[in-house]
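Student: Dropping the structure in here first, questions after.
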Amino acid sequence: MKDPYKVLGLDRSSDPELLQAKYNELHDLYSEQRFKSGEEGNEGARKLQELEEAWDQITAEMQRDTVSASFDGDYGKVDDLIRRGMYNEAQDILDGIQDRKGEWHYMQAIVFYKREWLTDAKTQLEMALRDDPTNSKYRSSLEKLNLAMGTPQNGGQGTVQNSGGAYNNNSGNYGQQPYNDHNGQYPGQQQADMANCLSSCCCAYCLTDCLCSAMRCC
82 MKDPYKVLGL
92 DRSSDPELLQ
102 AKYNELHDLY
112 SEQRFKSGEE
122 GNEGARKLQE
132 LEEAWDQITA
142 EMQRDTVSAS
152 FDGDYGKVDD
162 LIRRGMYNEA
172 QDILDGIQDR
182 KGEWHYMQAI
192 VFYKREWLTD
202 AKTQLEMALR
212 DDPTNSKYRS
222 SLEKLNLAMG
232 TPQNGGQGTV
242 QNSGGAYNNN
252 SGNYGQQPYN
262 DHNGQYPGQQ
272 QADMANCLSS
282 CCCAYCLTDC
292 LCSAMRCC
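Here the sequence shown is numbered in our numbering, starting from 82 and rising by one per residue.
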């Protein structure tokens with residue numbers, strides 16, 4: 082797509098006030114031109130649409146720059162927004178952070194997980210761990226995600242091969258539904274254990290019934 086700043090006839094180093102003034106000028110010009118007859122009117126309508134799309138990109142970029150400039154490295158606000166279920170607001174802050182290291186990828190993984198974008202969540206956790214291989218929180222979260230989905234580990238290194246699972250950090254659980262129960266189990270693990278238990282009980286019942294029938298025949 083065309084550089085949005087070139088649509089305004091300016092560049093990225095231009096002052097925000099100059100950008101706003103140029104946008105207003107072109108908006109008025111194309112708004113008037115589009116009502117003219119023939120090709121001139123069509124051209125005005127096309128340029129007005131192009132201008133609006135460019136301005137949307139520019140304003141979004143300016144907002145991200147503002148957030149990034151004000152970010153002090155404390156992800157506590159993102160964490161709080163996630164816990165309150167305000168995922169769009171948390172994502173807005175993450176989008177505005179330019180320095181994306183391990184903790185950024187970890188928090189992004191949480192947002193993706195809450196949106197049920199499990200493959201993307203797993204990818205972000207792996208990126209967090211690559212950035213900080215000794216971080217026990219990242220590794221534990223990746224392993225629990227792996228365990229919850231019943232996905233085999235790669236060489237015992239805690240690297241997930243497929244998506245799914247749950248996240249947990251040192252300060253507690255996210256959202257209304259906890260990621261683990263009081264027995265230290267995770268949803269996928271708990272369901273698998275329950276299925277195994279039911280299967281074992283069924284087998285035991287069938288064996289007992291057969292034994293009882295045999296005894297009655299004697």
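In this text, a Cβ means the ideal position worked out from N, Cα and C, and glycines have one as well.
All values reported here derive from a predicted model rather than from experimental measurement.
#1: For Gln-138, which three-state DSSP category applies?
#2: Quick one: grab the DSSP three-state call for Ser-217.
#3: I need the straight-line Cα distance from Leu-132 to Lys-158, nearest angstrom please.
#4: Taking C-alpha atoms, which residue in Asp-213, Gln-144, Ser-222, Ile-139 lies nearest to Leu-100?
#5: Below 8 angstroms on the Cβ atoms is my contact criterion, and I expect Ser-222 with Leu-206 to pass it. Report the Cβ-Cβ distance as a whole number of Å.
#6: What are the start and end residues of the alpha helix (DSSP H) that includes Leu-100?
#7: Does DSSP classify Arg-127 as helix, strand or coil?
#8: Less than 9 angstroms separating the beta-carbons of Ala-209 and His-186?
#9: Is Leu-129 closer than 9 angstroms to Ser-112 when the C-beta atoms are compared?
#10: Just confirm the distance between the C-beta atoms of Pro-214 and Met-143, as a whole number of angstroms; I'd bet it's less than 8 angstroms.
#11: Identify whether Gly-183 lies in helix, strand or coil by the three-state DSSP scheme.
#12: Assuming Arg-164 is part of the alpha helix (DSSP H), what are its boundary residues?
#13: Which same chain residues, not among the five before or five after Lys-182, have their C-beta less than 7 angstroms away from its C-beta?
#14: Can you say whether Cys-278 is buried or exposed, counting buried as having 16 or more other CB atoms within 10 angstroms of its CB?
#15: Looking only at C-alpha atoms, which of Leu-199, Gly-154, Tyr-194 sits nearest to Gly-166?
#16: Within a Cβ cutoff of 6 angstroms, which residues of the same chain sit near Ala-190, ignoring the five residues on either side of it in sequence?
#17: Could you tell me which of Met-188, Asp-137, Gly-177, Leu-199 sits nearest to His-108, measuring between CA atoms?
#18: Just how far apart, CA to CA, sit Glu-106 and Ala-141?
#19: To which residues of the same chain is Gly-125 closer than 7 angstroms at the C-beta, ignoring the five residues directly before and after it?
#20: For Lys-83, is the classification buried or exposed, using 16 other Cβ atoms within 10 angstroms of its Cβ as the cut-off for buried?
#21: Looking at the structure shown, is Asp-173 part of a helix, part of a strand, or coil, going by DSSP?
#22: Kindly indicate the opening and closing residues of the alpha helix (DSSP H) around Met-208.
#23: Hey, Tyr-168 and Val-192: beta-carbon distance below 9 angstroms or not?
Tutor: Result, derived from the coordinates:
#1: helix
#2: helix
#3: 35 angstroms
#4: Ile-139
#5: 6 angstroms
#6: 97-114
#7: helix
#8: yes
#9: yes
#10: That belief does not hold up - the Cβ atoms of Pro-214 and Met-143 are roughly 36 angstroms apart, past 8 angstroms.
#11: helix
#12: 157-164
#13: Asp-212
#14: Note that Cys-278 scores 46 on pLDDT, short of 50, meaning its location in the model is unreliable and no value can be drawn from it.
#15: Tyr-194
#16: Ala-202, Gln-205, Leu-206
#17: Asp-137
#18: 20 angstroms
#19: Tyr-111, Gln-114, Arg-115, Lys-117
#20: exposed
#21: helix
#22: 199-212
#23: yes
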